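In my numbering, the protein residues as written are 12 to 660.
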């Protein structure tokens with residue numbers, strides 16, 4: 012288990028348990044209240060350690076409930092081994108060793124399954140279901156399975172009796188009323204008060220996750236629903252299954268699926284519906300793009316889906332037990348499968364010495380002078396790690412924390428800021444930050460060096476400031492930055508130090524080779540290295556240092572093989588160096604990579620103009636006009652080329 016806060020939402024969740032704050036939508040009130048209880052009763056460890064321990068507790072409690080559910084179907088030894096298999100599934104362990112809401116969600120899911128497979132106590136289930144939604148909304152994905160089982164058990168008549176329906180509804184509302192926590196705590200203005208839900212409308216906005224698009228998993232662009240995309244999402248589901256249980260586990264799941272449906276059809280459909288809605292349906296609904304960052308986002312959402320898969324593993328083992336010649340294999344196969352999963356994933360499970368996020372928050376606050384202001388330009392790890400130290404640990408309370416999106420912390424930009432257009436928001440930011448900088452030392456957590464343009468900011472370690480430039484890297488704690496982490500968030504945090512320190516070097520270009528070799532999948536790093544290299548190459552080009560510019564553009568293309576603009580620029584340099592053949596090769600490659608790149612066609616036409624190859628001039632200027640019919644230069648030159656063709660005839 013991690014000893015302190017980890018990447019992602021952990022800092023916010025931990026701090027909100029301590030200060031009874033409001034987390035990001037939907038607020039997670041039940042988690043915060045349970046966390047406050049754990050902080051009060053656990054006698055050892057600091058705040059983060061205790062809340063990490065709570066995640067481990069709910070993970071263990073889920074395994075306990077699952078074991079008892081399976082044991083009710085006889086075969087207690089197989090139930091033990093199967094629940095142990097679930098305990099060591101990848102996402103279950105990862106969520107149990109750090110602060111996450113997903114083990115508590117899994118606990119409620121397992122309890123509802125346990126109660127439904129007994130003679131259902133619908134009153135208790137209704138209350139617990141409403142209460143569980145006070146932790147995580149994905150519990151709602153169990154509803155189709157619950158309705159199916161009620162119909163098959165003929166309990167649906169009980170539900171639709173008016174008096175019974177009213178009773179169940181009131182019990183559900185009683186559990187769901189945990190959300191009263193949001194306005195009650197918000198009026199106290201805790202450090203984390205996301206959405207400021209002091210009114211009914213704001214409370215409902217947080218509960219329904221309006222800032223995320225309600226049914227959307229994250230903010231940002233989604234894939235379009237096409238057959239190829241749906242096929243790739245199906246492949247993602249399959250890969251996720253393999254990642255959780257390994258190949259032996261998938262074999263047991265397949266056998267168990269057959270045996271479960273053959274012997275207990277009604278229960279098998281119920282359990283299968285829970286899996287289908289909590290994993291495949293959820294992934295298809297989210298329809299996230301295919302990159303390492305979104306894979307990291309989805310990983311934790313497999314926890315709930317792993318519970319029904321554990322039933323399949325159980326029945327796969329029961330199938331072997333029914334076959335005399337395979338009976339001995341049964342008690343060998345499952346322990347071996349568990350051992351394989353543990354061995355393969357142990358390095359990813361073990362976060363006992365994880366201090367990456369802890370040190371990052373500490374290092375940010377180390378960089379800031381007393382009584383200063385920190386504006387954060389995005390990044391959960393920045394928001395939540397600094398907020399944890401300030402609000403939960405009461406460290407650096409002299410520093411004012413603001414996020415430039417005005418979502419996480421109290422906004423200095425005005426109450427109407429969130430309703431402004433993108434351009435108006437940026438104007439308001441600059442005006443507000445400029446005013447504050449007149450009386451306070453202002454720092455920025457950003458990759459944008461022009462954040463206060465036309466005013467200048469200077470690097471201050473891993474931050475930027477309105478004051479003098481400061482190299483603070485010698486004062487930082489840098490535990491874990493050379494370790495190999497598999498999760499995207501940790502990998503995304505590590506290169507921040509290397510990237511920002513390179514800005515203090517005389518020749519930062521040489522440092523990017525290491526960065527891109529070590530973290531080629533990190534989206535923010537790829538984007539920023541590309542910007543830095545392009546700026547350096549263009550600077551050399553303007554200073555007529557063609558060889559230096561050529562080397563940098565070649566480096567850019569080696570890092571970004573699909574970067575058509577860099578191919579065009581490199582082609583232009585080869586033209587200046589007198590190598591038109593190489594220039595044409597690069598222009599052709601740019602056209603192939605990006606058929607809409609006008610500059611590639613235009614530059615090719617210019618080379619053919621020098622060669623008096625008028626037919627090619629007409630062809631390439633024609634391609635320019637296809638993409639930009641209003642291009643006056645292309646119109647003029649293509650007409651002149653056509654005249655030259657006529658004259659030569």
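Quick reminder that beta carbons are idealized off the backbone N, C-alpha and C, glycines included. These numbers come from a predicted model, not from an experiment.
Subject >> Sub-8 Å separation of residue 327 and residue 264 beta-carbons >> reply: yes
**OP:** Leaving aside the five residues before and after residue 69 along the sequence, list all residues of the same chain whose C-beta is less than 6 Å from its C-beta, in chain order.
**Re:** 114, 115 and 118
**OP:** Check whether the stretch 293-302 touches the stretch 76-85, counting contact only when three or more Cβ pairs, one atom from each stretch, lie closer than 8 Å.
**Re:** no
Original post:
Just how far apart, CA to CA, sit residue 583 and residue 614?
Top reply: 8 Å
Original post:
Under the rule that 16 or more other beta-carbon atoms within 10 Å means buried, what is residue 85, buried or exposed?
Top reply: exposed
Original post:
Would you say residue 519 and residue 543 are within 8 Å of each other, going by their C-beta atoms?
Top reply: yes
Original post:
Secondary structure at residue 365, three-state DSSP: helix, strand or coil?
Top reply: coil
Original post:
From 21, 642 and 275, pick the residue whose C-alpha is nearest to that of residue 7; which is it?
Top reply: In the structure as shown, the chain begins at 12 and stops at 660. Residue 7 is therefore absent and cannot be evaluated.
Original post:
Mind checking residue 173: buried by the 16 CB within 10 Å criterion, or exposed?
Top reply: exposed
**OP:** Please classify residue 18: does DSSP put it in a helix, a strand, or coil?
**Re:** coil
Original post:
When the Cβ atoms of the stretch 367-385 are set against those of the stretch 501-519, are three or more pairs found closer than 8 Å?
Top reply: yes
**OP:** Report all residues from its chain with a CB closer than 8 Å to the CB of residue 29; omit the five preceding and five following residues, and keep chain order.
**Re:** 46, 47, 50, 58, 402 and 403
Subject >> the stretch 314-333 touching the stretch 458-474, judged by at least three CB pairs closer than 8 Å >> reply: no
Original post:
Do you know whose CA, among 645, 374, 431 and 426, lies nearest residue 407's CA?
Top reply: 374
**OP:** Would you mind sorting residue 245 into buried or exposed? The rule is 16 or more other CB atoms within 10 Å of its CB.
**Re:** exposed
Subject >> Distance CB(residue 1)-CB(residue 645) smaller than 8 Å >> reply: Since the displayed the chain opens at 12 and closes at 660, residue 1 lies outside it and no answer follows.
**OP:** Mind reading off the beta-carbon distance from residue 288 to residue 144? Whole number of angstroms is fine, and I expect it under 8 Å.
**Re:** Residue 288 to residue 144, Cβ: 15 Å. No contact.
Original post:
Roughly how many angstroms separate the alpha carbons of residue 655 and residue 529, rounded to a whole number?
Top reply: 54 Å
Original post:
Buried or exposed: where does residue 255 fall if 16 or more other Cβ atoms within 10 Å of its Cβ makes it buried?
Top reply: buried
**OP:** Closer than 6 Å by C-beta to residue 559: which residues in its own chain qualify, once you throw out the five before and the five after it? Chain order, please.
**Re:** 551
Original post:
According to DSSP, what are the bridge partners of residue 731?
Top reply: Residue 731 lies beyond the range of the chain shown here (12 to 660); nothing can be said about it.
**OP:** Leaving aside the five residues before and after residue 490 along the sequence, list all residues of the same chain whose C-beta is less than 6 Å from its C-beta, in chain order.
**Re:** 366 and 370
Original post:
Quick one: Cα of residue 97 to Cα of residue 148, how far?
Top reply: 22 Å
Original post:
Under 8 Å between the Cβ atoms of residue 399 and residue 372?
Top reply: yes
Original post:
How is residue 39 classed by DSSP in three states: helix, strand or coil?
Top reply: coil
Original post:
Does the Cβ-Cβ distance between residue 101 and residue 349 come in under 8 Å?
Top reply: no
Original post:
Nearest CA to the CA of residue 196: which residue from 32, 186 and 562?
Top reply: 32
Original post:
Do the stretch 508-518 and the stretch 303-313 touch if we need at least three Cβ pairs shorter than 8 Å?
Top reply: no
Original post:
If you draw a straight line from the C-alpha of residue 581 to the C-alpha of residue 561, how long is it?
Top reply: 6 Å
**OP:** Report the rounded CA-to-CA distance for residue 320 versus residue 354, giving the unit in angstroms.
**Re:** 21 Å
**OP:** Verify whether the separation of the beta carbon atoms of residue 307 and residue 498 is less than 8 Å.
**Re:** yes
Original post:
Closest to residue 95 by CA distance: which of 247, 346, 139 and 599 is it?
Top reply: 346
Original post:
Taking residue 453 as the reference, which of 383, 496, 608 and 391 has the closest Cα?
Top reply: 383
**OP:** Look at the Cβ atom of residue 206, then the Cβ atom of residue 217, and state whether they are nearer than 8 Å.
**Re:** yes
**OP:** Please classify residue 481: does DSSP put it in a helix, a strand, or coil?
**Re:** strand
Subject >> Nonlocal neighbours in the same chain, by C-beta distance under 6 Å from residue 160, ignoring five residues either side >> reply: 127 and 281
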